[in-house]
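Heads up, the thing below is written out as structure tokens.
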Amino acid sequence: MTKIISLVILQAVFSFTFLPISYSASNLIETTCKQTPFFNLCVSTLRSDPGSSTADVAGLAHIAAGSVNSKATATLNQITGLLKIAKDPNLRKALQRCVDSYNTIVKADIPVAIEAILKGNPNFAVDSATDAANEAQVCEKSFANPPKSPISDSNKAMRDLTAVLESIASLLL
Amino acid sequence: MLIVLIRIGDALRILNQDFGPLFYKGWYHFFYQYNPNAAVWGDIVWGHAVSKDLIHWLHLPLAMVADQWYDANGVWTGSATILHDGKIVMLYTGSTVEAVQVQNLAYPADHSDPFLTHWVKYPRNPVLVPPPGIDDKDFRDPTTAWINKTGIALIYDTKDFINYEKLDGLLHTVPGTGMWECVDFFPVSKTEENGLDTSINGPGVKHVVKVSLDDDRHDYHAIGTYHEKNGTWIPDQPEIDAGIGVRYDYGIYYAAKTFYDQNKNRRVLWGWIGESDSEAADMKKGWASVQGIPRTILFDKKTGTNLLQWPVEEIESLRLKGNEFNQVTVQAGSVVPLDVGSAAQLDIIAEFEIDKEALEKATGSNVTFSCETSGGAAERGAFGPFGLLVLADKCLSEQTSVYFYITKGSDGNLRTFFCNDQSRSSAASDVDKQIYGSFVPVQKGENLSFRILVDHSIIESFAQGGRTVITSRVYPTKAIYGAAKVFVFNNATAASVTASLKIWQMNSAFTQPYPTDKKL
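Protein chains in written order, with the numbering used here: chain X, 1 to 173; chain U, 1 to 520.
This is the structure:
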């Protein structure tokens, strides 16, 4: 009986010891995300990276950039997959334009954003985030409807994520 | 005693463009931030070009690359100072292996080489590291030094560019303007039509503080008085202080920097014109960003609050065939084509007179106007818009308008605006289509006039002798090369306009690399 009681007490102490640390890290994540247009997306994106609990704002910007990169890479794969089986010439043309857009995001926008964040020249990170949003927009608009865009969800997710990155990078200006 | 102005902490950030411009042994030198690996920012090294006339340039080999621990992450911008004995020193910012920003000294390897091809880095670099309390990534962009005869209260004081004394106090601050980049500080004459050496001061002299604001990517300047004894600068009009008043350029023009051209006694302004297309397009075309045509800078004696910018006179050497159009009447609501042949490379000087009677008879109103929030050239007002359509195709499906818009207040006062409308500049959907512009002061007795340099995708427009300037980038898909045309238009409702124009086709400058087989 005594043993059980001791265990419970230990557990409680354990929790209380750790609460203040995660609270202050959450605080920076939340304060930062409050300054972006998509609070929930921002918080879940940053928290998915364990490094976010000890990151400063530049570190959070770096995590956000990595997230944009992952999403862009996944979308690029999605597009090339669709291109393999697409037969309609208008659809193919639009998908090809999207390949250009997403290649730009992965090969130019994100590497520049990360270098800019790491070297303390954040306006290039802001520019890159804006460009990435534009690229996703251009991709979405290249579907003339018909044919309807098969990747609307991905393009929207991209625009939202880049908006988060742009806002966090702006905090470094 | 030489003073180097380095703003620190919240003050200074740099962007990557022109720096260290100077005239030496018969050649103008231009250094620039260059990424040899991609058409985006990164891997920055020093590009170098020379010219005898600021128009025809020769590319030289890279002046400096990131080959030392103290600039491994970037050989960033700096400033050149020509010392009394004619020697040159360059102070530049390096980003170290650990991405700390430091100031380094470099000098020409061979001062007898007019091309200043090779540069030597001082073996005991860095000469300045971030002092305690200053963030590693907030310390950069030194300006050209000047000589102060008495004591100073600026940031750094040096006798030899190697040893520096950090001093208390800042030259000037303006609350609420955010980060300042690429600060420039130079004298202008209140009376003479020439430029002044950076070290000059005196009763007929005003000093300009220019800042590039990180927050909005625009360059602002303010005119004031520099008090050498206590090292402070006081703006003439605090309500239009640096960062909250007048801009060098109301379009896409940033991180500009002047130098004193001792060859022709003028102060010359260089500016970075970025792209307003997508990076995807930049990657495809393999390059991005251009430099503006160099501009002379003079104090505007008529207003006392502005600077006048004007393309250097050497640009006129590119003029080919000229066409003159005298007193062309443009009725309200009409567009008149101007036959000049190929219209993708032009130098245009235009003067406009609006129906004075109609202007006087009209009752004013309190409606406020701003170019940026207006409907552009298509939005008709009583006395505007009227001006030119450039890089337009023959059916006007693509057009970029540069125009005046006059408003009359209920007090009878006229206000003139100068705008550049890109909203119909291109059928492409991935380019910027904003409307740029500003109020332009027009003195009593002055005619309305502007000059435009058109160069395929770059438009530089100068109103009232350069009192208000707008630079824009447009990317037409049809109005290109031989298909580009120019029109004069008047979309006002209440008055006709008379236009007189001189339009020259412009030759290309054919910039090329300096032949490597020639001994440098």
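Here a beta-carbon is modelled for each residue, glycine too, at the ideal position from N, C-alpha and C.
DSSP three-state call for residue i: helix, strand or coil?
i: X:LYS34; result: helix
i: X:ASP131; result: helix
i: X:HIS62; result: helix
i: U:THR407; result: strand
i: X:ASP100; result: helix
i: U:LEU54; result: coil
i: U:LYS149; result: With a pLDDT of 38 at U:LYS149, under the threshold of 50, the predicted position of this residue should be treated as unreliable, though the coordinate-derived value follows. Correct three-state label for U:LYS149: coil.
i: U:THR363; result: coil
i: X:PHE124; result: helix
i: U:TYR248; result: coil
i: U:CYS182; result: strand
i: X:ASP160; result: helix
i: U:GLN101; result: strand
i: U:ALA222; result: strand
i: U:ARG217; result: coil
i: U:THR191; result: coil
i: U:ILE240; result: helix
i: U:ILE348; result: strand
i: X:LYS71; result: helix
Do the CB positions of residue i and residue j come within less than 7 Å of each other?
i: U:TYR475; j: U:SER429; result: no
i: U:LYS502; j: U:ILE349; result: yes
i: U:TYR405; j: U:ASN420; result: no
i: U:VAL522; j: U:ILE162; result: A question about residue 522 of chain U goes unanswered here, because the residues of chain U that appear run from 1 up to 520.
i: U:THR96; j: U:TRP76; result: no
i: U:ALA280; j: X:THR162; result: no
i: U:ALA495; j: U:ALA344; result: no
i: U:MET506; j: U:ASP347; result: yes
i: U:LYS210; j: U:ILE223; result: no
i: U:TYR250; j: U:ILE470; result: yes
i: U:THR416; j: U:PHE369; result: no
i: U:GLN399; j: U:LEU389; result: yes
i: U:VAL40; j: X:ALA64; result: no
i: U:VAL367; j: U:ALA499; result: no
i: U:PHE352; j: U:LEU448; result: yes
i: U:PHE489; j: U:VAL290; result: no
i: U:GLY178; j: U:ASP219; result: no
i: U:TYR34; j: U:GLY20; result: no
i: U:MET64; j: U:ALA80; result: no
Just the chain U side, please: which residues come within less than 7 Å of residue i by C-beta, in chain order?
i: X:SER152; result: Ordered by position in chain U, no residue passes the 7 Å Cβ test against X:SER152, which lies about 17 Å from the chain.
i: X:ASP100; result: ALA280
i: X:PHE143; result: Chain U residues near X:PHE143: none, gap ~12 Å exceeds 7 Å.
i: X:LYS71; result: Within 7 Å Cβ-Cβ: nothing; X:LYS71 doesn't reach chain U, min ~17 Å.
i: X:GLU115; result: GLY42
i: X:ASN90; result: The premise fails here: X:ASN90 is roughly 16 Å from chain U at the closest Cβ pair, so nothing lies under 7 Å.
Can you name the residues that DSSP bridges to residue i?
i: U:PHE30; result: U:ALA49
i: U:SER334; result: U:ASN490
i: U:THR258; result: U:LEU269
i: U:SER472; result: U:ILE459
i: U:MET90; result: U:ALA80, U:ALA106
i: U:TYR436; result: U:ASN420
i: U:ARG415; result: U:THR407
i: U:THR498; result: U:THR329, U:GLU353
i: U:LYS210; result: U:ASP184, U:HIS221
Below 9 Å on C-beta distance, what does residue i contact in chain X?
i: U:VAL102; result: Those do not exist, as U:VAL102 stays about 12 Å from chain X at its closest Cβ, beyond 9 Å.
Please list the partners that residue i has in chain U, where partner means a Cβ-to-Cβ separation under 8 Å.
i: X:THR104; result: SER278, GLU279, ALA280, MET283
i: X:ILE131; result: At residue 131 of chain X the sequence reads Asp, which differs from the Ile that was named. Result: SER278, GLU279.
Note down, in chain order, every chain U residue with its Cβ under 9 Å from the Cβ of residue i.
i: X:SER111; result: What sits at residue 111 of chain X in the sequence shown is Pro, not Ser. Simply ALA38, VAL40, GLY42.
Find the residues of chain X that neighbour residue i, judging by a C-beta separation of less than 8 Å, and give them in chain order.
i: U:SER334; result: Near U:SER334 there are no residues of chain X at all, since even the closest Cβ is about 35 Å away, more than 8 Å.
i: U:ASP249; result: Result: empty, since nearest Cβ-Cβ is about 18 Å, beyond 8 Å.
i: U:ALA99; result: LEU118, LYS119, GLY120
i: U:GLY437; result: By Cβ distance, chain X contributes nothing, its closest Cβ being about 22 Å from U:GLY437, past 8 Å.
Whose Cβ in chain X lies nearer than 7 Å to the Cβ of residue i?
i: U:ALA427; result: Result: empty, since nearest Cβ-Cβ is about 13 Å, beyond 7 Å.
i: U:ASP430; result: ASN134, VAL138
i: U:GLY74; result: LYS119
Requested in this report: Decide yes or no for the touch test of the region 54-71 of chain X against the region 237-245 of chain U: beta carbon pairs closer than 8 Å, at least 3 of them.
Outcome: no
Query raised in the report: Any chance the region 78-85 of chain X sits against the region 108-121 of chain X, with 3 or more Cβ pairs inside 8 Å?
Result: no
Query raised in the report: Do the region 93-111 of chain X and the region 25-36 of chain U touch if we need at least three Cβ pairs shorter than 8 Å?
Result: no
Query raised in the report: Would you call the region 66-75 of chain U and the region 47-58 of chain U in contact, with 3 or more CB pairs under 8 Å?
Result: no
Query raised in the report: Counting Cβ pairs closer than 8 Å, one from the region 182-198 of chain U and one from the region 266-273 of chain U, do we hit at least three?
Result: yes
Query raised in the report: Using 8 Å as the threshold, is the region 119-135 of chain X in touch with the region 144-163 of chain X, meaning 3 or more CB pairs across them?
Result: yes
Report task. Flag this pair as touching only if the region 478-490 of chain U and the region 306-319 of chain U have three or more C-beta atom pairs under 8 Å; answer yes or no. Result -> no
Requested in this report: Indicate whether the contact test is met: 3 or more Cβ pairs, each with one atom in the region 135-153 of chain X and one in the region 317-326 of chain U, closer than 8 Å.
Outcome: no
Query raised in the report: So does the region 450-465 of chain U actually touch the region 371-383 of chain U, counting three or more Cβ pairs closer than 8 Å?
Result: no
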